[in-house]
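Below is one structure; the comments refer to it alone.
Numbering (the working numbering), first residue to last: 22 to 436.
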């Protein structure tokens, strides 16, 4: 497994990984902009552009773009996060020029037609409605708004209905001109490819793009995370308990991954066994972590009844305190590392997974590691390493995001 990297004259980075024995290619154009980069008047603009760019250019409408992707059997889509946006396509190796050419036109020459903006606004608002109707998703959103309160990472990727309704073609075009720059864009490609050919193709398709670059405003989150609740008369209460975690580039991230696995990452994890298997208090319970350049978070999600929510949160808090105080056992360490090794290998079996890994790491300025190098770093994690991370992370202030028959003031008593 090897990576090849070339920077074009305008600053656009091309990174590829060749894979043998397959006929497909996965392409991702990663733009270094996301929710955290929006001004107060632009909430939701990053995600809105992800939709709008598929509406086409002055030369190509959305139907023509769809037909041309369909004609080569390509899968094309995009996604937005808090700090990046990716436009991707999966296709046959022989159709690389056609698929990448379509993405290049979409990114560099969007039309911003008022009618397209109006129709896509309705689509995005329906997406917000769908998210609001999913109490689990909404609880996670409340948690991130609470744990990053007062920080650019607190804002939801979709924006709000009010902010999306305020987005005009002119505002969206200004945001695109400010944030979509060749110097802050990565072209990541994995599959049956030749790096030199990909670079030549990128030079022809993106060579005239403005070579400027963008920056993020990085800052420490405020000291104390908050608590947020959305009152809903639901059958279940959806809770996310957690706090601040490690930043993306922290050398202890492999130990943090082991800790997450032991706590709630698998069906044999502590929280799953304690809350679901032993007591039957929840159907879904798991832990997670999120990391960004300047901040991170960890959390525990559970869905339970209003009658049992206090018990579930008490059990979760006790287990967090227990592992912070006593660490993990050798058996737990070995099982977590074994599971993570398998997951690492399986997750990188297909070109799309490898493209995502390349793009994420390059756009974040992180080191590119092979599967073997990742496994070696994981294997080096000791029980003491995990205990040290647990002591640092799990003893800090905790926060809650809740959706259920509670107001914010009522939720604070559960901490």
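Just so it is clear, CB atoms sit at the ideal spot from N, CA and C, and this is done for glycine as well.
Residue i classed as buried or exposed, judged by whether at least 16 other C-beta atoms fall within 10 angstroms
| i | result |
| --- | --- |
| residue 391 | exposed |
| residue 373 | buried |
| residue 101 | buried |
| residue 383 | buried |
| residue 434 | exposed |
| residue 344 | buried |
| residue 33 | buried |
| residue 163 | buried |
| residue 23 | exposed |
| residue 200 | buried |
| residue 166 | buried |
| residue 331 | exposed |
| residue 350 | exposed |
| residue 208 | buried |
Where residue i falls: helix, strand or coil (DSSP)
| i | result |
| --- | --- |
| residue 179 | coil |
| residue 317 | strand |
| residue 49 | strand |
| residue 230 | coil |
| residue 287 | coil |
| residue 111 | strand |
| residue 402 | coil |
| residue 39 | strand |
| residue 56 | helix |
| residue 325 | strand |
| residue 66 | helix |
| residue 262 | strand |
| residue 255 | coil |
| residue 416 | coil |
| residue 220 | helix |
| residue 392 | helix |
| residue 397 | helix |
| residue 249 | strand |
| residue 116 | helix |
| residue 437 | The displayed coordinates of the chain run from 22 to 436. Any statement about residue 437 would go beyond what the structure contains. |
| residue 244 | coil |
| residue 44 | coil |
| residue 127 | helix |
Test: residue i CB closer than 8 Å to a CB of chain C
| i | result |
| --- | --- |
| residue 306 | In the displayed structure, chain C is absent; only one protein chain is listed. |
Inter-residue spacing [alpha-carbon to alpha-carbon] between residue i and residue j
| i | j | result |
| --- | --- | --- |
| residue 294 | residue 304 | 11 Å |
| residue 217 | residue 38 | 12 Å |
| residue 240 | residue 191 | 29 Å |
| residue 413 | residue 320 | 15 Å |
| residue 42 | residue 370 | 12 Å |
| residue 309 | residue 290 | 12 Å |
| residue 147 | residue 153 | 10 Å |
| residue 251 | residue 312 | 25 Å |
| residue 446 | residue 123 | In the structure as shown, the chain begins at 22 and stops at 436. Residue 446 is therefore absent and cannot be evaluated. |
| residue 214 | residue 172 | 41 Å |
| residue 204 | residue 232 | 5 Å |
| residue 111 | residue 76 | 19 Å |
| residue 441 | residue 416 | This structure cannot settle anything about residue 441, because the visible part of the chain is limited to 22 through 436. |
| residue 59 | residue 139 | 20 Å |
| residue 403 | residue 355 | 10 Å |
| residue 119 | residue 130 | 16 Å |
| residue 375 | residue 87 | 25 Å |
| residue 117 | residue 394 | 30 Å |
| residue 278 | residue 234 | 32 Å |
| residue 398 | residue 275 | 7 Å |
| residue 108 | residue 79 | 19 Å |
| residue 135 | residue 155 | 31 Å |
| residue 103 | residue 92 | 33 Å |
Delimiting residues of the alpha helix (DSSP H) encompassing residue i
| i | result |
| --- | --- |
| residue 359 | 351-368 |
| residue 136 | 135-153 |
| residue 132 | Segment: none, residue 132 is in no alpha helix (DSSP H) and carries neither H nor E. |
| residue 274 | 274-281 |
| residue 344 | 330-347 |
| residue 158 | 156-168 |
| residue 192 | 190-200 |
| residue 432 | 429-432 |
| residue 477 | The shown model of the chain, from 22 to 436, leaves out residue 477, and the question about it has no answer. |
| residue 378 | 372-384 |
Where the beta strand (DSSP E) through residue i begins and ends
| i | result |
| --- | --- |
| residue 307 | 306-312 |
| residue 206 | 206-212 |
| residue 423 | 419-425 |
| residue 235 | Residue 235 -> no beta strand (DSSP E), and no H or E assigned at all. |
| residue 27 | 24-28 |
Length-filtered (4 minimum) alpha helix (DSSP H) runs lying within the segment 74-106: Considered as a whole, the segment 74-106 harbours 83-92 as its complete alpha helix (DSSP H) runs of no fewer than 4 residues, in chain order.
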